[in-house]
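Novice: Residue numbers (this note's numbering), protein chains in the order written: chain B, 1 to 293; chain H, 294 to 531; chain Z, 532 to 810. So that we are looking at the same thing, I have put the structure below in C-alpha cells.
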C-alpha cells in the first residue's frame, strides 16, 4: 500500500499500525463486510418471495398444498436455525448433484454412495472441478443465500400469513361487490393492504436476519467472523506482522458494526412504518389523518 | 469379476478427463509453519511451497482453497476439493474413510507445552478438535479441553484455562521460542505416523501421480531442503 | 453391543457419568439417540436456569425502562439495546475472552454444615460463563417484551386502582404487574422457545467443551464429523428439539391459562408462535 511498508519488521509505532491495517489480509477483512451486506441484500427479497409462496400455499383451498405450506412454516419454529445452517447446504449440494447426475449421466452404473464417498459423474459435479476458484466461491455463497432464504422464508411466511388474515374482511367483501374476481381481489386489495400489518413482523425478521449473519462462517463463506478470528489470532515471526492474541479487539469491531446496523435499521424501519400507515384503516393511519388536519 | 470391469472402466474414464483437470488442494490456513494465510491474504507455508512443486512435477494445474479443520474430511469426501494438504497425520481411523499418499514429513513428535516445566500433563490438556492429539488425550485419561483452531489451544495455556497444550512439535516450537520464556516445553511424545496428503478413496490415479512426485522430491533432496527451510536445521528429514 | 448397554454407558455422558471415551468406528442409531439426548441435559439446564434468573432481571429492566427517572431509564435502555442489537454468537465470544482475563481467585463461603469454595475460574467454564451471558441476553429480550406490555395496560385498570385508593407498590403488585404478565405471556413464550434454541450456540463460539462434555449440538457435530454423514445426526437432534419446543409450549400454556382464568373466554390472550426473537 505505502512505500515504507516494504519491510514491516523495521518500522514501529503509528507507521507500523498503518501498514498493518492496510495489509492485503486486512483489505480482505474490509471487503468481507461487503459480503455480509451483499448477503443481506440478496437474502431479504429471496426470503420474502419464499415467504410469500409459503403463505399463499398455506391459504390455498387445495388441501395438500395448504398442508405443505403449513408444514414449511412450522418446520423452522421447532428446530434451532443453526441446525438448519449446518444441514441444509450439504443436503442441497448433494441433492443438486444427484439430480444433475441423473440427467447428465444416465448410463452411469456405479453406485452413487460408495462407503463414505458421494460420487457423481464428473460432468454432474457442482461446480465443475475445472472451473476457477471464483466460481466455487460464488456457488458456496449461493448455497448460503439459499439456506438463509429457506429458514427466513419460513418465518416470513408465518408473518405474511398472519398479515393476510389481518386485512379486514370488509375490504375483500367490498372488492367482491365491485365485481372483482378472486384473483383480482387478492392482487389489488389484499396484497397492497397486507404490508402494513406485516411490517412489524417483517422489521423484526430483518433484525433477526442481521444477527444471524455471523453464522455465515459455519457455511464456509469467508465472512467477517472468519477474518476476525484469522487476523486476531496470535502471529509468530513467520508472519510479516507478528503480534499477540488480538481477537478481542477484532470482535469488539464486529460488535460495534452490528450495533450500528441495528441502529440504522431501526431508524429506516420507523420511517417506513409511518410511510406505509398513510391512508390505511389502522390506528397509525388514523393518527396521521388527525395530525394532518 | 463384474466389479473389476467396472473399476477399470472408471479408471479409463477418469484418466481421459485428468488431462484438462484442475486439482483443488484443500488446507486449513491456520497452522504455521505448515500452512497459513500470509499478510497478503494468500496461502503460504511449507505445504504451499511443496504443493506447488509437486503439482509442477506431476504436471497438474493446482488451486488452493481453505477449509475449517473440523470439516476438512467431510468436504473432501463430498468433493469440494480433491486433496487435503494440511499437516494431517496418517492414522488408521482416517485411513478407513480417505486414502493417503506416502508421507512427506517423517513421523514428528508432539509436545506438551505449559507455563512451567513441572506443569501437570495429566491435568487439563488443550488440543485442537479432531486431531490425533485430541484422541490421544482422551485415551490417556487426562482432561481434554477442545478448541476448533490451533491458535486457541495456545491461548488457553497462556490464560491459565489449561495446564498444558498438546500439539505438533513443529507448530509449538516457534511459539515457545518467541514467548520470551513464558511458554516452556514440558514433555515430548510420539503419536501417529507421518504426514501425508489425503484423497478420496476413489481417486487412485491422482494418488499414484502425487506419490510419484513425492518420491522424486525425496530422491533429489529437494524435500529435505524444504523441510529444513521451514522447520529448522534440527528437523527430521528423510 | 446392545442398545440397553449403550444407554447405560452414554445416557449421562454429558455430565461425566458412564463411559469416558465417546463411541468410535461404526455408530448405531441407538448411539446417536442416546448421546445426543444426553447432551440435551445441558440445553435444558441452560434454558431453564437462564429463564428463571432472567425473568427477575427482566421485570427490573422493564420497570426501569418505563420509569421517569433518567438514571434508571437510560442504563436500562442501553442494556437492552446492546444485548438485543448484537448477535448472541459475538456476545458469547467476547464474554469468554473477558472472563479468562479475570485473575483466578477463590473464596471460602461457610454454609454452616459445609464450606463451598467459590472460584473466579468458574466464569470461564461454560456452565457458569455461558449461563451468565444467556441470563443477561434473555433478560434484555424479555425486558423489552415486559416494557411493551407495561405500556399497553388499559388506562381503565389503573384508574380503577386509583379509585380504590391503591397507589405505589400495592397498585403495581396487585394490578399492573399481573396485567403486564398476562399481556406479555404469549410473546414471552416465544422468547422461551427461542432461548432454548439459542442454547445450542454455547459450544460454538468461545466456550470450549470440557472433557468432551457438551450439549446436544456438540454431540451431533461429533457424529457428523466422524461418520461424515449429516443425514442421521442432524435429523435426530431436530426430533429432540421439536419435542422440547412442544413441551415448552405445553408448560407455558398452563401458566397462560392461570393468568387468564378471571377473563371471559373471548377476551383471553391467545398464544401464537411467532419468530419474534431468535438471536
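We put the beta carbon where it would ideally sit given N, CA and C, even for glycine. Computed from a predicted model, the values in this text were never measured in an experiment.
For chain H, check one thing: does any of its Cβ atoms lie closer than 8 Å to the Cβ of residue 239/B?
Specialist: Yes, residue 239/B counts as interfacial toward chain H.
Novice: For residue 173/B, decide whether its Cβ has a neighbour in chain H, counting only Cβ atoms nearer than 8 Å.
Specialist: Taking Cβ atoms only, chain H never reaches closer than 8 Å to residue 173/B, which makes this a no.
Novice: Consider the Cβ of residue 413/H: report whether some Cβ of chain B lies at a distance smaller than 8 Å.
Specialist: Output row for residue 413/H: interface = no.
Novice: Return helix, strand or coil for residue 811/Z, following the three-state DSSP convention.
Specialist: Since the first residue shown for chain Z is 532 and the last is 810, residue 811/Z is missing from the structure and cannot be characterised.
Novice: Anyone know if the C-beta pair for residue 351/H and residue 528/H falls short of 8 Å?
Specialist: No.
Novice: Buried or exposed: residue 601/Z, going by 16 or more other Cβ atoms within 10 Å of its Cβ?
Specialist: Label assigned to residue 601/Z: exposed.
Novice: Show which residues of chain B have a CB atom less than 7 Å away from the CB atom of residue 385/H.
Specialist: Chain B residues near residue 385/H: none, gap ~15 Å exceeds 7 Å.
Novice: Output needed in chain order: residues of the stretch 324-337 of chain H with a Cβ under 9 Å from some Cβ in chain B.
Specialist: Here the close residues are 325, 326, 329, 330, 331, 332, 333, 334, 335 and 337.
Novice: Please report how far the alpha carbon of residue 7/B lies from the alpha carbon of residue 250/B, in whole angstroms.
Specialist: Residue 7/B and residue 250/B: Cα-Cα distance of roughly 24 Å.
Novice: For residue 645/Z, count neighbouring C-beta atoms within 10 Å of its own C-beta (all shown protein chains included) and say buried if the count is 16 or more, exposed if not.
Specialist: Residue 645/Z should be labelled exposed.
Novice: Is any beta-carbon of chain Z found at less than 8 Å from that of residue 45/B?
Specialist: Residue 45/B does not count as touching chain Z.
Novice: Beta-carbon within less than 6 Å of residue 84/B's beta-carbon, same chain only, minus the 5 sequence neighbours each way: which residues are those?
Specialist: Here the set comprises 151.
Novice: Do you know offhand how far residue 544/Z's Cα is from residue 571/Z's?
Specialist: Roughly 11 Å between the two C-alpha positions.
Novice: Looking at residue 672/Z: is its Cβ nearer than 8 Å to the Cβ of residue 615/Z?
Specialist: In this structure, residue 615/Z lies closer than 8 Å to residue 672/Z by Cβ.
Novice: If we define contact as Cβ-Cβ less than 8 Å, is residue 143/B a contact residue for chain Z?
Specialist: Closer than 8 Å: no.
Novice: Chain A partners of residue 622/Z, CB-CB under 7 Å?
Specialist: No chain A is present in this structure, whose protein chains are B, H and Z.
Novice: Is it buried or exposed for residue 372/H, if we count other Cβ within 10 angstroms and need 16 for buried?
Specialist: So residue 372/H ends up on the buried side.
Novice: Beta-carbon of residue 685/Z versus every beta-carbon of chain B: anything under 8 Å?
Specialist: False, the Cβ-Cβ gap to chain B never drops below 8 Å.
Novice: Nearest to residue 231/B by CA position, among 95/B, 206/B, 10/B and 21/B, is which residue?
Specialist: Nearest of 95/B, 206/B, 10/B and 21/B to residue 231/B, Cα basis: 21/B.
Novice: How far does the beta strand (DSSP E) with residue 319/H in it reach, from first residue to last?
Specialist: Run containing residue 319/H: 315-320, per the beta strand (DSSP E) assignment.
Novice: Along the stretch 608-634 of chain Z, where does the CB come closer than 9 Å to a CB of chain B? Name the residues.
Specialist: Going along the stretch 608-634 of chain Z in chain order, one finds 612, 613, 615, 616, 617, 618, 619, 620, 621, 622, 624, 625, 628, 629 and 632 with a Cβ nearer than 9 Å to chain B.
Novice: At a CB-CB cut-off below 7 Å, which residues of chain Z make contact with residue 262/B?
Specialist: Near residue 262/B (Cβ distances below 7 Å), the residues of chain Z are 616.
Novice: Would you mind sorting residue 638/Z into buried or exposed? The rule is 16 or more other CB atoms within 10 Å of its CB.
Specialist: Burial call: exposed.
Novice: If you drop the 5 nearest sequence neighbours on each side, which residues of the same chain put their C-beta closer than 7 Å to that of residue 610/Z?
Specialist: Only 592 and 671 meet the Cβ criterion.
Novice: With a threshold of 8 Å between beta carbons, is residue 230/B in contact with chain H?
Specialist: Residue 230/B counts as touching chain H.
Novice: Helix or strand or just coil, what does DSSP make of residue 499/Z?
Specialist: An answer regarding residue 499/Z cannot be provided, because it is not within the stretch 532 to 810 covered by chain Z.
Novice: In this structure, how does DSSP classify residue 273/B when only helix, strand and coil are distinguished?
Specialist: Correct three-state label for residue 273/B: helix.
Novice: Pull up the DSSP beta-bridge partners for residue 16/B, would you.
Specialist: None; residue 16/B has no bridge partner.
Novice: Using a beta-carbon distance cut-off of less than 7 Å, what residues from the stretch 766-791 of chain Z approach chain B?
Specialist: Within the stretch 766-791 of chain Z, the qualifying residues are 768, 769, 772, 773 and 776.
Novice: Any idea what DSSP makes of residue 743/Z, helix, strand or coil?
Specialist: Note: residue 743/Z maps to coil in three-state DSSP.
Novice: Give me the chain H residues within the contact set of residue 94/B, using Cβ-Cβ distance strictly less than 8 Å, ordered along the chain.
Specialist: Ordered by position in chain H, the residues that pass the 8 Å Cβ test against residue 94/B are 371.
Novice: Our contact map puts residue 405/H next to residue 463/H with C-beta atoms below 8 Å; I'd like the distance itself, whole angstroms only.
Specialist: The Cβ separation is near 15 Å, so there is no contact.
Novice: Between residue 236/B and chain H, is the shortest Cβ-Cβ distance under 8 Å, so that the two count as touching?
Specialist: Cβ-Cβ to chain H under 8 Å: yes for residue 236/B.
Novice: Quick check: residue 59/B and residue 66/B, are their CB atoms within less than 8 Å of each other?
Specialist: In this structure, residue 66/B lies closer than 8 Å to residue 59/B by Cβ.
Novice: Answer yes or no: does any C-beta atom of chain B fall closer than 8 Å to that of residue 398/H?
Specialist: Not an interface residue.
Novice: Going straight from the alpha carbon of residue 398/H to that of residue 519/H, what length do you get?
Specialist: About 10 Å.
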